[in-house]
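**Q** Before I ask anything, let me first share the structure, which is written out below as structure tokens.
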Amino acid sequence: MRGIGVDLSGCDLSGLDLRDIVLREADLTGADLSRADLNGAVLDNAIMRDVSLQRANLVRADLKGADLYGADLTSAGLTEADLSDADMSWANLNDVVAINANFNGANLTLADLRYSAFSLTDLNRTVLKYADLTGADFSNASMNSTIFGGAIWDDTLCPDSTNSNANNNTCADNLRR
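Quick note on our numbering: the sequence shown kicks off at 67 and runs consecutively.
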């Protein structure tokens, strides 16, 4: 299915099989995509403000440049997903699995990343200002030129596999894997 620039704002698409769907530049503001299967979906530059993606399968999905401000991605599967240059400020990524994903240049200001797995993920140039990184796993992640001002580091696994609690509650000096 293709829907470039379509307006699906506020739609209930929860639990649907949307594998490999193409919704470039679509407006999904406030839509419910919880538990939806979006494996391989193309959602680049989509407007997804305040969208619900709880427990959604976004494995290998393309969300480059998407506007996910305030989105709820609790327990979503983001392994190998591309979220480069996406705006995910104020988003909830609690308990997300994003192994080997691409967040290069993404804005995660004030995002909730508690207890999420980001191992082997590209977080270069990512903005994590005031983000809650409690219990998150960044082992072997790439975090060059990442901005952390005000981030909460509590029991966070750093890229070099040390624990933030053993590093004065930060990973800022332990970004080399």
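Ideal Cβ placement from N, Cα and C applies to all residues, glycine included.
This structure is a prediction, so every number in the text was calculated from the model and none was measured.
If you draw a straight line from the C-alpha of residue 86 to the C-alpha of residue 227, how long is it?
**A** Residue 86 and residue 227: Cα-Cα distance of roughly 34 Å.
**Q** Nearest to residue 147 by alpha carbon, out of 113, 131, 106, 141?
**A** 106
**Q** Using only CA atoms, which one of 197, 91, 95, 129 lies nearest to residue 175?
**A** Measuring from the Cα of residue 175, the nearest candidate turns out to be 197.
**Q** On the DSSP bridge assignment, give the partners of residue 178 in chain order.
**A** Bridge partners of residue 178: 158, 198.
**Q** For residue 217, which of 193, 209, 229, 233 has the nearest alpha-carbon?
**A** 193
**Q** Evaluate residue 113 with the Cβ neighbour count: other Cβ atoms within 10 Å of its Cβ, from every protein chain shown; 16 or more gives buried, anything less gives exposed.
**A** buried
**Q** Only counting the same chain, and skipping five residues up and downstream in sequence, which positions put a Cβ closer than 8 Å to that of residue 101?
**A** 80, 81, 120, 121, 122
**Q** Residue 102 by DSSP, collapsed to three states: which one?
**A** Coil, per DSSP.
**Q** Are the beta-carbon atoms of residue 104 and residue 92 separated by less than 8 Å?
**A** Their beta carbons are not under 8 Å apart, which means residue 104 does not touch residue 92 by this criterion.
**Q** Quick one: residues in its chain with C-beta nearer than 8 Å to the C-beta of residue 224, no 5 flanking neighbours on either side, listed in chain order?
**A** 204, 205, 230, 233, 237, 240, 241
**Q** If you measure between the beta carbons of residue 183 and residue 150, is that distance less than 8 Å?
**A** no
**Q** Do you know how far the Cα of residue 165 is from the Cα of residue 188?
**A** 9 Å
**Q** Could you check the C-alpha separation between residue 268 and residue 201 for me, to the nearest Å?
**A** Nothing in the structure corresponds to residue 268, since the chain is present only between 67 and 243.
**Q** Can you give the Cα-Cα distance for residue 214 and residue 235, rounded to whole angstroms?
**A** About 13 Å.
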